[in-house]
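Take any residue in the sequence shown, note its place counting from 1, add 528, and you have its number in my numbering. Quick reminder that beta carbons are idealized off the backbone N, C-alpha and C, glycines included. Here's the structure, in structure tokens; my notes come after.
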Amino acid sequence: MLGFLKNPVVVTAEINMNLVALTVMGLISRLWGLSYPRAVVFDEVYYGQFVSLYMKRIFFVDDSGPPFGHMLLALGGYVGGFDGNFLWNRIGAEYSTNVPVWSLRLLPALAGALCVPLAYQILVELQFSHCAALGAALLILSENSLITQSRFMLLESILIFFILLAVLSYLKFYNLQRHSFSSGSWWFWLLLTGVACSCAVGVKYMGLFTYVLLLAIAGLHFWQMIGDQNLSNVSLICHFLARGLALVIIPVAMYLSFFYIHLTLLYRSGPHDQIMTSAFQASLEGGLARITQGQPLEVSYGSQITLRNVLGKPMQCWLHSHTNTYPIRYENGRGSSHQQQVTCYPFKDVNNWWIVKDPGMQQLVVSNPPRPVRHGHVVQLVHGITTRYLNTHDVAAPLSPHSQEVSCYIDYNISMPAQNLWRVEIVNRESDTEVWKTILSEVRFVHVNTSAVLKVSGFIGASLPEWGYRQLEVVGEKLSKGYHQSMVWNVEEHRYGKSQEQKEREVELHSPTQMDISKNLSFMAKFTELQWKILTLKNEDTEHKYSSSALDWVTMDTNIAYWLHPTSGAQIHLLGNIVTWASANVAAVVYMCLSLWYLIRRRRKIYDIPEDKWQLWVSAGGICVGGWAVNYLPFFLMEKTLFLYHYLPALTFQILLIPIVLQHLSDHLCRSLLLKSMFSALIVAWISSVYRVYCTFSPVTYGEPSLSVAELKELRWKDSWNILIRKQ
């Protein structure tokens, strides 16, 4: 029974020593001296703020992309025991002792190091020689710009890692297509493709470019499968569903999960939540939630409310009035109604309170039981402190003469009667009898007499002059098709009014509410709002000293100074290996020229290379040239501040093309032994020059050793490069 113990248990394994060596070299090149410099380097000042907010569980919005990359950086801080207490306000600021610099930079460095063996495996899966694959890995290993970008708390190396992982996984899956659905490796690589694509998109939206490329390639491959008569209809449907599950459904589910984790972790109110809706803010701990806790849900006649404009641009603001009136005549000579000013005020104030009144009754308190206001009801809005009614009439607004002035009505005993009836329209209603709800309902106020809609002025820079205290203009806009968020308001603070006397009511307006009703949003509601803010929120694009255009990247006519030592000449720059960049451009041109030549001759029934080699050539171009194009060309259409590091994903694909072109030239164009020998010698010389340039620029890649002024001047190979030289 125990006879099997007579023989030893033997486990055999194949170890690719090339992969092992490349991985070790990648780790050394990226992890060596990782804590140096112990100071904030370039965009660490930007990403570090988000890491601190994660550590403190404070909500934030970053318009640069999804949260997965930020969470990975925060994971490094969490593992290192970072408490989030550091002021990220200046590049070059020395890190305090509580900041685990090595841990914060570890994940980007690991991702950058693993890109080296991934490059090797991608070329192997593309059916190129191990020599070509080794060359691609060594080029990635010695690319100065990729080293620099992966050694700091930045996201590009993580993005490139997931991009390359997605490409490798799909190639492995494609090469295993002869296996059935029961093959574990077939499913593993297909599912890993979808997971890696989702992670790439979750790090930065730039990952979407490669995801779309792989979907297109997968679609083309499936189209070819449809023509395979050996596959039954059932088999084709199964293949289609498997790809749909792995490449669409799982990535979407993972993308949602990134936001779910993000919103679960960041449950506390902070400075960024002010751009979100009142409902979103109320779902966070502290902040608005502390103010609105216990408010009545249904707005009723007699309710005391504050009205926040949903647009939130150029800043959040609340419908507001004060005792001051519009000037009799404006600076341009136009006259006004001289009524009480109504504005949108960007701060919480007692003058933001309004009372919802039933036009048919005089009382300003909530009846028992309360009578809720519904969609379509006509109301009057009474200013809480001055008790004047919100009004508009056919008088031009001060800054927007094509719109109506909005005021609180003062009876001057002249021929201008009050026009103070407003119809409540709930924009996000589910039925025409829906009740107006605190925070949740988004409403428009349509003026009954003129059909004008209450809105924050769309006039650019519509802040009133000194007589209006620089507050935002509120106007009545004639009703038109559709609606804009500037026309939409929601009740943020709400209480049931109990005091009919004005003095008692003023005291009441300063008092907190007591009733207890929860207004938690669902995850999908919060996700939809946050996703929309990320896509539409635009910071003011200012010209940066190191910003550049996409045209500057291909020839590396620009650089970025990442860090400068406060006393010595030590510095770190984002600068590429100029020999590699030039070679990548030449390889792309040679590939496209050769492909065009082959296509023309194939059209003439002249086949210069065997069919299997031609398919290999086309497949490699689809991945490498396609990857370069989709990660580079979209930047010509973007209206945003661009930097050299945006080119790194495209550059990575272009670098993979270099050994592919070199092997093709050696195999198919160098036909004689002499030509092959000469070509090999040229390659050796070229590799030596790549290594030489890598060593030359290593001091500004790693930040040490410190260079003299003369040595720094020698590194300025292009006049457009900004090498920092201290004045003597």
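Checklist entry - Under a three-way DSSP split, which group does VAL627 fall into? => result Coil at VAL627, not helix or strand.
Next on the checklist: If you measure between the beta carbons of ARG566 and TYR606, is that distance less than 8 angstroms?
Outcome noted: No; because the gap between Cβ atoms is not below 8 angstroms, this pair is not in contact.
Checklist entry - Who pairs with GLU1005 in a beta bridge, going by DSSP? => result BP columns for GLU1005 point to VAL981.
Next on the checklist: On the DSSP letters alone, give me the boundaries of the beta strand (DSSP E) that ILE1253 sits inside.
Outcome noted: Segment: none, ILE1253 is in no beta strand (DSSP E) and carries neither H nor E.
Checklist entry - Of the residues GLY798, SER849, ILE675, ALA637, which one's Cα is nearest the Cα of THR915? => result The candidate whose alpha carbon is nearest that of THR915 is SER849.
Item to check | Cβ pair VAL740, PHE690 closer than 8 angstroms | outcome: No.
Checklist entry - Count the other CB atoms within 10 Å of the CB of ASP1044; is the residue buried (16 or more) or exposed (fewer)? => result Confidence in ASP1044 is poor, its pLDDT being 39 and thus under 50, which makes the residue's placement unreliable; the coordinate value appears in the next sentence. Burial is judged here by how many other beta carbons sit within 10 angstroms of a residue's own beta carbon; ASP1044 has fewer than 16 and is exposed.
Item to check | Top-ranked residue by Cα proximity to CYS725, from LEU550, TYR783, ASN672 | outcome: Per the Cα distances, TYR783.
Item to check | 7 angstroms CB neighbourhood of LEU704 in its chain, flanking five on each side removed | outcome: Contacts found: SER711, SER713, TRP714, TRP717.
Item to check | Rounded Cβ spacing between VAL589 and LEU1058 (contact assumed at less than 8 angstroms) | outcome: 7 angstroms between Cβ atoms; contact.
Checklist entry - In terms of DSSP beta bridges, what is TRP1017 paired with? => result Beta-bridge pairing links TRP1017 to ASN837, VAL971.
Checklist entry - Under 8 angstroms, do ALA660 and LEU646 count as touching if we go by C-beta distance? => result No, they are not a contact pair.
Next on the checklist: Less than 8 angstroms between the C-beta atoms of PRO1094 and PHE786, yes or no?
Outcome noted: Taking C-beta atoms as the reference points, PRO1094 and PHE786 fail to come closer than 8 angstroms.
Checklist entry - Whose C-alpha, out of VAL1158, LEU1170, LEU1197, is nearest the C-alpha of THR1180? => result The option with the nearest alpha carbon to THR1180 is VAL1158.
Item to check | Minimum C-alpha distance to GLY830 - residue among GLY798, GLU859, GLY888 | outcome: Selected option, being the one with the closest Cα: GLY888.
Next on the checklist: For ASN956 and TYR937, which I take to be in contact (beta-carbon distance under 8 angstroms), what is that distance rounded to the nearest angstrom?
Outcome noted: So it is not a contact: roughly 30 angstroms between Cβ atoms.
Item to check | Contact the region 1180-1196 vs the region 1104-1114: 3+ CB pairs below 8 angstroms | outcome: Between the region 1180-1196 and the region 1104-1114 there are three or more inter-stretch CB-CB distances shorter than 8 angstroms, so the stretches are counted as touching.
Next on the checklist: Is the separation between the beta-carbon of THR871 and that of VAL1002 shorter than 8 angstroms?
Outcome noted: Yes. Within cutoff.
Next on the checklist: Quick check on DSSP: helix, strand or coil for ILE1045?
Outcome noted: Because the pLDDT of ILE1045 is 39, which lies under 50, any placement of that residue in the model is unreliable, and the question is left without a value.
Next on the checklist: Quick check on this structure: which residue in GLY1104, HIS790, LEU1193 has the alpha carbon closest to the alpha carbon of LEU1210?
Outcome noted: Nearest option by C-alpha distance: LEU1193.
Item to check | DSSP-derived helix/strand/coil call for PRO519 | outcome: For the chain, the structure presents residues 529 to 1256; residue 519 sits outside this window and is missing.
Checklist entry - Would TYR1222 be called buried (16 or more neighbouring beta carbons within 10 Å of its own) or exposed? => result Burial state of TYR1222 is buried, judged by a 10 Å Cβ sphere holding 16 or more other Cβ atoms.
Checklist entry - CA-CA distance, LYS1073 and PRO855? => result Looking at the two C-alpha atoms, the distance is approximately 45 angstroms.
Item to check | Distance CB(ARG1023)-CB(GLN823) smaller than 8 angstroms | outcome: Pairing ARG1023 with GLN823 gives a Cβ-Cβ distance under 8 angstroms.
Checklist entry - Going straight from the alpha carbon of ASN546 to that of HIS658, what length do you get? => result When rounded, the distance between both Cα atoms is 9 angstroms.
Item to check | Where GLU933 sits in the DSSP three-state scheme | outcome: DSSP places GLU933 in strand when its eight states are reduced to three.
Item to check | Contacts around HIS1196, its chain only, beta-carbon distance under 8 angstroms, and the 5 residues preceding and following it disregarded | outcome: For HIS1196, where only same-chain residues beyond five positions count, the Cβ hits under 8 angstroms are ASP1136, ILE1137, LYS1141.
Checklist entry - Just to confirm, does ILE765 get its C-beta within under 7 angstroms of one of the non-hydrogen atoms of the ligand HEM? => result As presented, the structure is devoid of all ligands, the ligand HEM included, so that no description of it is given.
Next on the checklist: By the DSSP assignment, the beta strand (DSSP E) with ALA946 in it spans what residues?
Outcome noted: No beta strand (DSSP E) contains ALA946, which DSSP labels as neither H nor E.
Item to check | Pair within 8 angstroms by beta-carbon distance, MET681 and ARG618 | outcome: Result no, Cβ atoms of MET681 and ARG618 do not sit closer than 8 angstroms.
Checklist entry - My guess is that SER865 and TYR858 are in contact by the Cβ rule of under 8 angstroms, so how many angstroms apart are they, rounded? => result About 12 angstroms separates the Cβ atoms of SER865 and TYR858, ruling out a contact at the 8 angstroms cut-off.
Checklist entry - In the DSSP assignment, what are the bridge partners of ALA1267? => result Examination of residue 1267 is not possible in this model, given that the chain is present from 529 through 1256 alone.
Checklist entry - Taking DSSP as the reference, what is the three-state secondary structure of GLY863? => result Note: GLY863 maps to strand in three-state DSSP.
Item to check | Exposure of ILE1088, with buried meaning 16 or more beta-carbon neighbours within 10 Å | outcome: Under the 10 Å beta carbon count, ILE1088 is surrounded by 16 or more other beta carbons and is classified as buried.
Checklist entry - Below 8 angstroms between beta carbons: does that hold for TYR1173 and LEU1243? => result Cβ atoms of TYR1173 and LEU1243: not closer than 8 angstroms.
Checklist entry - Relative to the alpha-carbon of LEU1144, which residue among GLN1182, ILE1106, GLN1191, LEU793 has its alpha-carbon at the smallest distance? => result When the alpha-carbon of LEU1144 is set against those of GLN1182, ILE1106, GLN1191, LEU793, the nearest one is in GLN1191.
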